[in-house]
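*Asks:* Take a look at this one; I'll ask things after.
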Amino acid sequence: AKADGRGTYRFFETGMDARAQARRLLEMDLRAALQRDEFQVYYQPIRDVASGRVVAFEALLRWNHPQRGLIAPINFIPLAEETGLIVQLGEFVLRSACTDAVTWPDDVDVAVNLSPVQFKSPNLIASVTDALAASGIDARRLELEITESVLLQNSEATLATLHELRAMGVRISLDDFGTGYSSLSYLRSFPFDKIKIDRSFVSELATREDSMAIIRAVTGLGRSLGIVTTAEGVENDVQLELLRREGCTQAQGYLFSEPRPASDVAMMLDRPRLR
Ligand code: C2E
Ligand code: CA
Ligand code: CA
Ligand code: CA
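Laid out in structure tokens, this is it:
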């Protein structure tokens, strides 16, 4: 689209393709949304498999768009990463998550996703420190989830950051384990407290022998290394039972609850799924 007659798109260069224009609009929309407070943190419970108790909630970002409704992170996080806006967005999530979690029972932790861009940003340690101080939450209740892509480059700086975070008392989870460039050497080289087994393995648990074998291997590895294992995307009782049999520590998924607003946390805690 060129100028629409009323000049709305006048600033676009002619020749810029429709996708680039859509991106440009989304980027302006993202910046405005931060100012207008349109982002909201949702929470999904994580349960201990053996006891059924809710041990943590994962903070998952949502964009409450005035026209487009609730927008999932897949639709805006990549652009937020490209533009660097993810740093500010990530700080918002950290602060919100710590502030919300401090009102929960103190044996319930909070997990926050860190974008690789945010992880590499020089602000990271300061923003974690600030979120902890502003909320007054015990650092040991905060888990930070990072993906393998963080570990691929500049591993010395990465290692230093991970050690600094752990020295503060914060715990580190390796998210989406089994996707991407999973390498067992990561588990030896970096100090992880938790491995999150990617949903793709869990969803095929009952139907594919190899997924079962991978889950068995990862839970076994976790056990021998003293690392907690969490299965993502648990949607039914069959999957949960198989995970229990393999000794997987924690489970998370629609079987227990979809991510919900902070105001629903009490309700999610209130409904123990005892079996
Ligand atoms: P993730 O960290 O792997 O989060 C798990 C995703 O799986 C969430 O999608 C969650 O809603 C979804 N999920 C949970 N249980 C089930 C289930 O039983 N079945 C299925 N099919 N899906 C399930 P969501 O909330 O759309 O988030 C997608 C991704 O966006 C996240 O994947 C994470 O990588 C990213 N993300 C979300 N919030 C943040 C954030 O605050 N910061 C950063 N950097 N990334 C975020
Ligand atoms: Ca995650
Ligand atoms: Ca994940
Ligand atoms: Ca994922």
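Residues in the sequence shown are numbered from 522 upward in steps of one, following full-length UniProt numbering.
All C-beta atoms in this analysis are idealised placements derived from N, C-alpha and C, irrespective of residue type, glycine included.
#1: Please state whether DSSP places asparagine 596 in a helix, a strand or coil.
#2: Using 9 angstroms as the threshold, is the C-beta distance between aspartate 621 and glutamate 664 below it?
#3: Quick check: is any heavy atom of ligand 3 less than 8 angstroms from the C-beta of arginine 720?
#4: Could you check what DSSP says for threonine 740 in three-state terms: helix, strand or coil?
#5: Does the segment 754-762 touch the segment 543-550, meaning 3 or more C-beta pairs lie closer than 8 angstroms?
#6: Quick one: is threonine 770 buried, meaning 16 or more other Cβ sit within 10 Å of its Cβ, or exposed?
#7: Does the beta-carbon distance from threonine 751 to serine 694 come in below 9 angstroms?
#8: Between Arg552, Ile667, Ala601, Glu579, which lies nearest to phenylalanine 777 when the distance is taken from Cα to Cα?
#9: Have a look at glutamate 779 and proline 626 and give me their C-alpha separation to the nearest angstrom.
#10: Please list, in chain order, all residues of the same chain as threonine 668 whose beta carbon is under 6 angstroms from its beta carbon, the five residues on each side excluded.
#11: Mapping the DSSP letters down to three states, classify glutamine 588 as helix, strand or coil.
#12: State the Cα-Cα distance for the pair valine 649 and proline 643, rounded to the nearest angstrom.
#13: Measuring straight from C-alpha to C-alpha, what distance separates arginine 583 and isoleucine 607?
#14: Measure the C-alpha to C-alpha separation of arginine 616 and alanine 655 and round it to an integer number of angstroms.
#15: Where does valine 649 fall in DSSP's three states?
#16: Around the C-beta of arginine 692, are 16 or more other C-beta atoms found within 10 angstroms, so that it is buried, or is it exposed?
#17: Nearest chain E C-beta to valine 649 closer than 9 angstroms, yes or no?
*Replies:* Taking the coordinates as given:
#1: helix
#2: no
#3: yes
#4: Three-state DSSP puts threonine 740 in a helix.
#5: no
#6: buried
#7: yes
#8: Comparing Cα positions, the closest option is Glu579.
#9: Computed Cα separation, rounded: 20 angstroms.
#10: If the five residues before and after threonine 668 are omitted, its C-beta is found closer than 6 angstroms to the C-beta atoms of Asp696, Asp697, all from its own chain and listed in chain order.
#11: It is coil, neither helix nor strand.
#12: Going from the Cα of valine 649 to the Cα of proline 643 covers about 12 angstroms.
#13: 13 angstroms
#14: 8 angstroms
#15: helix
#16: By the 16-neighbour rule on beta-carbons within 10 angstroms, arginine 692 is buried.
#17: In the structure shown, chain E does not exist; there is a single protein chain.
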